[in-house]
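Chemist:
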Amino acid sequence: MGGNSTSCNMGSLETGVSKASDSCMGPTLGAAVFSSMESTSEEMLKEQGIDGIALPQKILFPAAEISLKWNQVHCIGAGLYNMGNTCFLNAALQCLTYTPPVANHMLSQEHSKTCREPDFCMMCTMQNHITQVFANSRDVIKPVSVVSQLKRIAEHFEFGDQEDVHEFLRYIVDAMQKSCLPFGRNIKMSKYDLKTTEETSNTFFLMKRHP
């Protein structure tokens with residue numbers, strides 16, 4: 001396009017490589033960036049209370065902090081190298097990387113500031129991956145941080161085997177959700193909060209077992 005317009009494209013595709021370009025994405029320069037959740041978390045809780053549902057004493061993640069828009073302009077990040085039948089994994093990672101609410105949170109580095117998980121944490125893994133993607137625009141990187149944890153994300157997956165991208169995406173989201181739960185951490189929660197969290201976890205489990 002002519003003039004000062006900025007176009008976005010995914011670049012050309014080469015064997016084993018997803019090519020990135022220097023195009024930019026996000027809100028137009030000078031445009032107002034806002035959250036789609038205009039109500040505060042307190043107001044939303046009040047609305048839930050009207051239906052007779054007990055209000056949780058602890059909010060794990062304030063809804064008002066979730067923005068469905070890009071918080072800032074980013075050039076399209078790095079492409080992902082195919083490390084050997086990892087195209088399904090790359091596709092799932094790219095979907096999450098370019099989902100604004102996920103990218104906004106990961107790039108803010110908020111999770112790592114409070115994470116106390118000494119072992120595997122999918123949120124930390126994704127934060128590292130997304131940070132590397134946007135730090136290496138116009139380049140190609142290997143998603144080693146995710147591939148190295150493949151068995152922890154989906155224990156029946158084997159490196160080198162071709163797998164279903166949708167199934168893997170659900171395993172990633174499930175692992176991210178589990179990383180955000182307070183089980184095993186020194187966090188006091190009411191019985192209602194714990195029950196709600198357990199039901200949410202069970203729902204994800206059933207979705208995974210019965211697609």
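Residue numbers (the UniProt record's numbering): 1 to 211. No residue lacks a Cβ here, since even glycine has one placed at the ideal position from N, Cα and C. All values reported here derive from a predicted model rather than from experimental measurement.
(1) Contact defined as beta carbons within less than 8 Å: I believe residue 75 pairs with residue 148. What is the distance between those atoms, to the nearest angstrom?
(2) If you draw a straight line from the alpha carbon of residue 109 to that of residue 141, how long is it in whole angstroms?
(3) Please report the straight-line C-alpha distance between residue 62 and residue 160, rounded to a whole angstrom.
(4) Given this structure, state the Cα-to-Cα distance separating residue 158 from residue 105, to the nearest angstrom.
(5) On the DSSP letters alone, give me the boundaries of the alpha helix (DSSP H) that residue 168 sits inside.
(6) State the CB to CB distance for the pair residue 96 and residue 172, rounded to an integer number of angstroms; the pair is presumed to be in contact (CB under 8 Å).
(7) Note down, in chain order, each residue of its chain lying with its Cβ closer than 6 Å to the Cβ of residue 169, except the 5 sequence neighbours on either side.
(8) In whole angstroms, what is the alpha-carbon distance linking residue 37 and residue 100?
(9) By DSSP, does residue 107 sit in helix, in strand, or in coil?
(10) For residue 147, which of helix, strand or coil comes out of DSSP?
(11) Measure how close the beta-carbons of residue 115 and residue 122 come, nearest whole angstrom, since I'm counting them as under 8 Å.
(12) Could you compute how far the alpha carbon of residue 70 sits from the alpha carbon of residue 102?
(13) To which residues does DSSP link residue 79 through a beta bridge?
(14) Assuming contact is defined by CB atoms lying nearer than 8 Å, are residue 144 and residue 78 in contact in what I supplied?
(15) Taking the alpha carbon of residue 175 as the point to measure from, which residue in 72, 150, 165 and 81 has its own alpha carbon closest?
(16) Could you pull the start and end residues of the alpha helix (DSSP H) that residue 128 belongs to?
(17) Please check the pair residue 163 and residue 88, which I expect to be a contact at CB under 8 Å, by giving their CB distance rounded to whole angstroms.
(18) If the criterion is Cβ atoms closer than 8 Å, does the pair residue 125 and residue 146 meet it?
(19) For residue 112, which residues in the same chain have their Cβ closer than 7 Å to its Cβ, ignoring the five residues on either side in sequence?
Modeler: Looking at the coordinates:
(1) Residue 75 sits at position 75 when you count from the first residue of the sequence shown. Residue 148 sits at position 148 when you count from the first residue of the sequence shown. Separation of the CB atoms of residue 75 and residue 148 is rounded to 27 Å, and the pair is thereby denied contact status at 8 Å.
(2) Translated into positions along the sequence shown, residue 109 becomes position 109. Translated into positions along the sequence shown, residue 141 becomes position 141. Straight-line measurement puts the Cα of residue 141 at about 20 Å from the Cα of residue 109.
(3) As a working mapping, residue 62 is identified with position 62 in the sequence shown. As a working mapping, residue 160 is identified with position 160 in the sequence shown. The straight-line gap from Cα to Cα measures roughly 40 Å.
(4) Residue mapping note: residue 158 aligns to position 158 of the sequence shown, counting from 1. Residue mapping note: residue 105 aligns to position 105 of the sequence shown, counting from 1. Rounded to whole angstroms, residue 158 to residue 105 spans 30 Å at the Cα level.
(5) Locating residue 168 in the sequence shown gives position 168, where the first residue counts as 1. Segment 165-180, the alpha helix (DSSP H) holding residue 168.
(6) Position 96 of the sequence shown holds residue 96. Position 172 of the sequence shown holds residue 172. The Cβ separation is near 7 Å, so the contact holds.
(7) The count along the sequence shown starts at 1 and reaches residue 169 at position 169. Only 92 meet the Cβ criterion.
(8) Taking the sequence shown and counting its residues from 1, one reaches residue 37 at position 37. Taking the sequence shown and counting its residues from 1, one reaches residue 100 at position 100. Residue confidence is low: residue 37 scores 47 on pLDDT, short of 50, so the model does not pin down where it sits. Its coordinate-derived value is still stated next. Taking the straight line from one Cα to the other gives about 14 Å.
(9) Within the sequence shown, residue 107 is the residue found at index 107, counting from 1. The answer is helix: DSSP assigns residue 107 an H, G or I state.
(10) Within the sequence shown, the letter at position 147 stands for residue 147. Helix, per DSSP.
(11) By 1-based counting over the sequence shown, the position of residue 115 is 115. By 1-based counting over the sequence shown, the position of residue 122 is 122. Rounded, the Cβ-Cβ distance is 11 Å, inconsistent with contact.
(12) Reading the sequence shown from its first residue, position 70 is the one you call residue 70. Reading the sequence shown from its first residue, position 102 is the one you call residue 102. Rounded to the nearest angstrom, the two C-alpha atoms are 10 Å apart.
(13) Residue 79 sits at position 79 when you count from the first residue of the sequence shown. In DSSP, residue 79 forms a bridge with 140.
(14) Taking the first residue of the sequence shown as position 1, residue 144 is located at position 144. Taking the first residue of the sequence shown as position 1, residue 78 is located at position 78. For residue 144 and residue 78, no; Cβs fall outside 8 Å.
(15) Counting from one through the sequence shown, the residue named residue 175 turns up at place 175. Here the closest residue by C-alpha is 150.
(16) Translated into positions along the sequence shown, residue 128 becomes position 128. It spans 122-135 - the alpha helix (DSSP H) in which residue 128 sits, taken as one unbroken run.
(17) Taking the sequence shown and counting its residues from 1, one reaches residue 163 at position 163. Taking the sequence shown and counting its residues from 1, one reaches residue 88 at position 88. The beta carbons of residue 163 and residue 88 sit about 5 Å from each other, so the pair counts as a contact at 8 Å.
(18) On the sequence shown, position 125 is the one that residue 125 refers to. On the sequence shown, position 146 is the one that residue 146 refers to. Taking 8 Å as the Cβ cut-off, residue 125 and residue 146 qualify as a contacting pair.
(19) Walking along the sequence shown from the start, residue 112 turns up at place 112. Contacts found: 124 and 127.
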